[in-house]
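**Student:**
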Amino acid sequence: MKKNAACPPLPSRTRKKRRLVNPETLPAPTLDGSCFVVSSAERARLEVQLGLTSMGLLRALLSRALSRSVCPISHFRCGAAGLGSSGAIYLGTNLEFNAAGRPLSETVHAEQFVTASAVSHGEASLTAIAVTAMPCGHCRQFLQELPAAAAMRIVVPKCSSSSSSSSISDDGDAVQYDGTLGTLLPHAFGPTSLGKGCVDAAVRTPLALVADDDAPSSALIAAALAAAERSHAPYSSGQAGVALRTRDGTLFVGGVIESAAFNPTLGPMQAALIAMHSRGVAWSDVVEGALVEVETGGRGHALRFADSTRALFAAVAARDSRFAVHAAEVTVEAV
Ligand SMILES: [Zn+2]
Numbered sequence: 003m004k005k006n007a008a009c010p011p012l013p014s015r016t017r018k019k020r021r022l023v024n025p026e027t028l029p030a031p032t033l034d035g036s037c038f039v040v041s042s043a044e045r046a047r048l049e050v051q052l053g054l055t056s057m058g059l060l061r062a063l064l065s066r067a068l069s070r071s072v073c074p075i076s077h078f079r080c081g082a083a084g085l086g087s088s089g090a091i092y093l094g095t096n097l098e099f100n101a102a103g104r105p106l107s108e109t110v111h112a113e114q115f116v117t118a119s120a121v122s123h124g125e126a127s128l129t130a131i132a133v134t135a136m137p138c139g140h141c142r143q144f145l146q147e148l149p150a151a152a153a154m155r156i157v158v159p160k161c162s163s164s165s166s167s168s169s170i171s172d173d174g175d176a177v178q179y180d181g182t183l184g185t186l187l188p189h190a191f192g193p194t195s196l197g198k199g200c201v202d203a204a205v206r207t208p209l210a211l212v213a214d215d216d217a218p219s220s221a222l223i224a225a226a227l228a229a230a231e232r233s234h235a236p237y238s239s240g241q242a243g244v245a246l247r248t249r250d251g252t253l254f255v256g257g258v259i260e261s262a263a264f265n266p267t268l269g270p271m272q273a274a275l276i277a278m279h280s281r282g283v284a285w286s287d288v289v290e291g292a293l294v295e296v297e298t299g300g301r302g303h304a305l306r307f308a309d310s311t312r313a314l315f316a317a318v319a320a321r322d323s324r325f326a327v328h329a330a331e332v333t334v335e336a337v
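So the number in our numbering is just where the residue sits in the sequence shown, counting from 1, plus 2.
(1) Quick check on the DSSP output: the beta strand (DSSP E) that includes Gln-178 runs from which residue to which?
(2) So, for Ser-195: in the same chain, excluding its five sequence neighbours on each side, which residues have a beta-carbon less than 8 Å away from its beta-carbon?
(3) Please report the straight-line C-alpha distance between Val-289 and Ile-156, rounded to a whole angstrom.
(4) How far does the beta strand (DSSP E) with Val-327 in it extend, from its first residue to its last?
(5) Buried or exposed for Pro-236, going by 16 or more other Cβ atoms inside 10 Å?
(6) Could you work out which residue in Asp-287, Thr-248, Val-201 and Pro-159 is closest to Ala-82 when comparing CA atoms only?
(7) Give me the Cβ distance between Ile-75 and Gly-84, rounded to the nearest whole Å; I'm assuming they're in contact under 8 Å.
(8) Of all the alpha helix (DSSP H) runs that stay within the bounds of the segment 247 to 319, which reach a length of 4 or more residues?
(9) According to DSSP, simplified to helix, strand and coil, what is Arg-70?
(10) Let me have the residue list for ligand 1: C-beta closer than 5 Å to any non-hydrogen atom, ordered along the chain.
(11) Can you name the start and end residues of the alpha helix (DSSP H) that Thr-117 belongs to?
(12) Rounded to the nearest angstrom, what separates Phe-99 and Gln-272 at their Cα positions?
(13) My output table needs one value for Ala-190: the three-state DSSP class, helix, strand or coil.
(14) In terms of residues, what are the limits of the alpha helix (DSSP H) holding Gly-58?
(15) Below 6 Å CB to CB, which residues in the same chain sit around Ala-130 once its five sequence neighbours on both sides are set aside?
(16) Measure the Cβ-Cβ separation of Glu-297 and Phe-307 and say whether it is below 8 Å.
(17) DSSP state of Ile-75, grouped into three classes?
(18) With a cut-off of 8 Å on the beta carbons, I'd call Gly-243 and Gly-257 a contact; round off their distance for me.
(19) To which residues of the same chain is Cys-80 closer than 6 Å at the C-beta, ignoring the five residues directly before and after it?
(20) Report the rounded CA-to-CA distance for Leu-33 versus Ala-320, giving the unit in angstroms.
(21) Using only the alpha-carbon positions, how far apart do Leu-59 and Val-40 sit?
(22) Can you look up Lys-4 in the DSSP assignment and give me helix, strand or coil?
(23) For the segment 265 to 280 against the segment 311 to 319, are there 3 or more C-beta pairs whose distance is under 8 Å?
(24) Starting from Gly-139, trace the alpha helix (DSSP H) in both directions and tell me its first and last residue.
(25) Helix, strand or coil: which one does DSSP assign to Thr-129?
(26) Can you tell which of Gly-139, Ala-221, Ala-204 and Pro-149 has its C-alpha closest to the C-alpha of Leu-186?
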């Protein structure tokens, strides 16, 4: 949880506070109809229209990200905006699940939100992230899963966030930090430390459901299976994906993104909730969910996310919702 953004106020006579671009005045981004994703073409158009650099636009969009924070426990809003190597922008914010007393460890940090959104859109890497508070140690570690993480630019505008405000302001181009992730986390422990590769959105691990007569074939389960195939689980081999169906039939999916340090791992349920939040869809609209997970340690052994996913699902979904878990195994695709 970020608690370190309390910037001491500048002396009033030297303070040149200006409001960042009002997010409401920004044209709606177009990629996937998402208000939290800005396509590369839209980014370029906005930069010309607003006279901003890419980093300037990331900073301008922080208000939009911050305004969507869900922080009933900390009341600390955090926003982040990441620039993908494709040129698209991904916004993120912190999500806390307090409704049913879920543990703090299930919290999603803004940088994790950005990363999950980028990966789900097939982004190869993030080249820069603007964030309203200094990245915590948890996020500095989580970001190590991305390719070229050490070179990723991190910018934290000076006095950029407030624990209670839904908007932000800053002091022109002043920054609290502008440097690389490698400087923030030197001598990092990451995927290569364990002989593994970074997140690769293009990689798919072929999976098949373990024979289960009770497992109906449905678009929901197929979506969860596909999300598991695209998930990042090089350390446990426990590929896992969640699919959520809303009342109008829309499906949202997410896959686990494991961390080399294990604890910062982002679960598949959180990733699916991120996908919903990105599209402005309420979690309470969920009426059905499915988790597809590879059994680790052989058949009949542990499903790492079954219990926690079921509990988090029950905490956020509609009262009459249904949830099911399906085991999967790695298979070899027919050529
Ligand atoms: Zn963090």
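Think of the CB as a built atom: it goes at the ideal place given N, C-alpha and C, for glycine as much as any other residue.
**Tutor:** The structure says:
(1) 177 to 182
(2) Ala-262
(3) 38 Å
(4) 324 to 332
(5) buried
(6) Pro-159
(7) Ile-75 to Gly-84, Cβ: 24 Å. No contact.
(8) 270 to 280 and 308 to 318
(9) coil
(10) His-111, Cys-138, His-140 and Cys-141
(11) 112 to 122
(12) 10 Å
(13) coil
(14) 56 to 62
(15) Leu-85 and Arg-155
(16) no
(17) coil
(18) 5 Å
(19) Lys-4, Asn-96, Ala-112, Thr-134 and Ala-135
(20) Confidence at Leu-33 is low in this model, with a pLDDT of 48, below 50, so its placement is unreliable and no value can be given for it.
(21) 11 Å
(22) Confidence is the limiting factor: at Lys-4 the pLDDT is only 38, short of 50, which leaves the residue's position unreliable, though a coordinate-based value still follows. In the structure shown, Lys-4 sits in coil (DSSP, three-state: anything other than H, G, I, E or B).
(23) yes
(24) 139 to 144
(25) strand
(26) Gly-139
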